[in-house]
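The block underneath contains the structure these notes are about, expressed in structure tokens.
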Amino acid sequence: MKIDPSTRLYGVLGHPVGHSLSPAMHNRAFTSAGHNGVYLAFDVTDIASAIAAGRALNVRGWSVTIPHKVDVIPLLDALDPDAERIGAVNTVVNRGGRLVGYNSDGLGAVAALKEKTSVAGLSAAVIGAGGAARAIGFSLRTAGADVTIVNRSPKRGEALARDLDAPFLPLADFDRPMYSILINTTPVGMTPRADAMPVGERVLEAGMVVMDIVYNPMATRLLETAGRIGCTTVDGVAMFVYQGAFQFELWTGAKAPLAVMRETVMNALRKKDD
């Protein structure tokens with residue numbers, strides 16, 4: 003990586019961000035594509051001050067992660083229509099001093115699913131009711147899937163289902179195979195609780211497509227169990243890489259080097275396991 007006065011600055015804004023694999027992925031992508039940019043991690047609690055500083059420093063683009071995906075919205079100059087409907091932003095593009103917000107989470111999930119299955123016309127259960135569930139549910143609906151929100155808390159689940167104009171099913175009532183696609187958007191199964199599953203094994207059957215957006219560990223207990231039963235599985239790395247690829251293309255206008263980005267993330271995860 004060569005840094006000079008023409009180098010463009012990018013970064014991720016969140017708290018905490020020490021675990022983020024985005025800097026490794028995007029810096030390797032910049033180098034591979036010949037883009038003169040550098041991507042850093044910024045652990046910030048005051049998102050308003052961070053955005054103001056970024057404007058002053060002419061930062062060209064940000065990734066926005068927990069807990070700032072909603073609070074960043076009023077600080078921006080414009081929203082992509084999909085981000086506005088989702089109500090959350092994970093990507094900011096600086097277009098000549100005008101900050102525009104996007105959401106690539108749902109797009110990344112759908113792109114990862116389409117590697118393994120068609121989406122249009124299939125029934126999909128989205129487990130969870132947080133920001134990731136909202137983005138993925140919206141993108142699945144846009145892609146033509148029949149979405150059902152499944153959540154432990156009826157209040158949050160029903161609210162999201164209403165926003166998506168989709169059915170709601172309490173997690174306690176999800177006790178048998180009912181859907182073609184199942185997506186876990188909750189942190190259940192993430193390190194250090196890697197032995198946990200967001201749903202019972204009884205809801206899985208051979209032929210289903212099961213996706214877990216958790217990528218640490220990459221082979222969650224849910225995916226291991228689903229694979230053993232005969233389901234097609236989609237790991238969280240695929241979604242992470244695809245959402246990053248959408249960001250890269252928004253920032254640079256160039257085609258994202260997907261294979262390089264995935265290899266970089268996989269190598270970083272292997273080093274964490276060593």
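In terms of this note's numbering, the sequence shown opens at residue 3 and continues consecutively. We treat Cβ as the ideally placed atom computed from N, Cα and C, and that holds for glycine.
Check                                                                                                                                                           : Outcome
Which term fits R204, buried or exposed, when burial requires 16 or more other beta carbons within 10 angstroms of its beta carbon?                             : exposed
Is it right to say A58 is buried, meaning 16 or more other beta carbons lie within 10 angstroms of its own, or is it exposed?                                   : exposed
Can you find the residues in the same chain that come closer than 7 Å, C-beta to C-beta, to P169, ignoring five residues on each side of it along the sequence? : T150 and A163
Taking DSSP's pairing of strands, which residues face P172 in a bridge?                                                                                         : N153
Within the chosen definition, does the segment 208–226 reach the segment 238–246 through at least 3 CB pairs nearer than 8 Å?                                   : yes
Rounded to whole angstroms, what is the Cα-Cα separation between A135 and A161?                                                                                 : 12 Å
Is it the case that the Cβ atoms of I183 and V211 are separated by a distance below 9 Å?                                                                        : yes
Taking the beta strand (DSSP E) that T234 belongs to, which residues open and close that run?                                                                   : T234 to V236
Bridge partners of F44, per DSSP?                                                                                                                               : L15
Of the choices G16, Y41 and A26, whose alpha-carbon is the least far from that of I49?                                                                          : G16
Measure the C-alpha to C-alpha separation of R7 and R62 and round it to an integer number of angstroms.                                                         : For the sequence presented, residue 7 should be read as Pro rather than Arg. P7 and R62: Cα-Cα distance of roughly 14 Å.
Which residues share a DSSP beta bridge with D148?                                                                                                              : S125
Which partner residues does M213 have in the DSSP bridge list?                                                                                                  : I185 and V236
Thinking V66 and V94 are a contact (beta carbons under 8 Å), I'd like their distance in whole angstroms, please.                                                : 6 Å
Does DSSP classify V72 as helix, strand or coil?                                                                                                                : coil
If we ignore side chains and look at the alpha-carbon of each, how far apart do G56 and V14 end up?                                                             : 11 Å
Are the C-beta of G98 and some C-beta of chain B separated by less than 9 Å?                                                                                    : Given the protein chain composition of this structure (a single chain), no chain B is represented.
Got a sec? Which residues, its chain only, sit under 7 Å from L224 by beta carbon, not counting five neighbours each side?                                      : N186, G191, M199, P200, V212 and D214
Could you spell out where the alpha helix (DSSP H) holding N38 opens and where it closes?                                                                       : Looking at the DSSP string, N38 is not in any alpha helix (DSSP H), and its letter there is neither H nor E.
G202 by DSSP, collapsed to three states: which one?                                                                                                             : coil
Counting only the same chain and skipping the five closest in sequence on each side, list residues whose C-beta sits under 7 Å from that of V112.               : V121, S141, L142 and A145
Under 8 Å Cβ to Cβ from P156, same chain only, skipping five residues before and after it: list those, please.                                                  : F170 and P172
By DSSP, does V243 sit in helix, in strand, or in coil?                                                                                                         : helix
Hey, how far is the Cα of A174 from the Cα of Y12?                                                                                                              : 43 Å
Let me check understanding here. Comparing Cα to Cα, which of E251, N269, G229 and Y181 lies closest to G110?                                                   : E251
Can you list, in chain order, the residues of its chain whose CB lies under 6 Å from that of A147, leaving out five sequence neighbours each side?              : V121, L124 and A126
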